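Take the position in the sequence shown, starting the count at 1, then add 19; the result is the number in this note's numbering.
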Amino acid sequence: MKNMGKLLKQAASMQKDLQKKQAELAEKEVEFSSGGGAVKATATCDLQIRSIKIDPSAVDPDDVEMLEDLVTSAVDGALGKARETMQSELGGIAGGLGGGLPM
Numbered sequence: 020m021k022n023m024g025k026l027l028k029q030a031a032s033m034q035k036d037l038q039k040k041q042a043e044l045a046e047k048e049v050e051f052s053s054g055g056g057a058v059k060a061t062a063t064c065d066l067q068i069r070s071i072k073i074d075p076s077a078v079d080p081d082d083v084e085m086l087e088d089l090v091t092s093a094v095d096g097a098l099g100k101a102r103e104t105m106q107s108e109l110g111g112i113a114g115g116l117g118g119g120l121p122m
């Protein structure tokens, strides 16, 4: 029974650490650009898009499809960086749970 109490304390401590890290990740931002910097997307490490910046030179009314592709690429890249950061930073905490967290 002594081991069960110790295990419960460890689980509670891990949960507290996990919640703290998740709150930190919600504030941490990453950026990704496409088109040589023509489109920049910023995301938080809890996978929320914070901003998209578009250089006016990337706006061509005759080629809207290219701009759409650049925006999609920048957003995908920013979310990918955010996901990698989240997995890296939560991995140490989640590793104690016997295999990590699914992302």
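Backbone N, C-alpha and C define an ideal beta-carbon position, used for all residues, glycine too.
Just so you know, these numbers come straight off a predicted model, no measurement behind them.
For Ala60, which beta-bridge partners are listed by DSSP? Phe51 and Ile71
Applying the 10 Å Cβ sphere with the 16-neighbour rule, what's the burial state of Leu89? buried
Report back the beta-carbon spacing between Ala93 and Phe51 to the nearest angstrom; my notes put them in contact at under 8 Å. 6 Å
Along the chain, where does the alpha helix (DSSP H) containing Asp36 start, and where does it finish? Lys21 to Glu46
Sequence-distant residues of the same chain with beta carbon closer than 6 Å to Ala60, five excluded per side: Phe51, Ile71, Ala93, Val94 and Ala97
Rounded distance between the beta-carbons of Met33 and Cys64, thought under 8 Å: Going by Cβ atoms, the distance from Cys64 to Met33 rounds to 19 Å, so no, they are not a contact pair.
With burial defined as no fewer than 16 other Cβ atoms inside 10 Å of the residue's Cβ, what is the status of Ala101: buried or exposed? buried
Our contact map puts Glu108 next to Lys40 with C-beta atoms below 8 Å; I'd like the distance itself, whole angstroms only. 6 Å
Let me confirm a value: Ala30 is counted as buried when at least 16 other C-beta atoms fall within 10 Å, else exposed. Which label applies? exposed
Which same chain residues end up closer than 6 Å to Ile73 when comparing Cβ atoms and leaving out the 5 residues on each side of it in sequence? Val58
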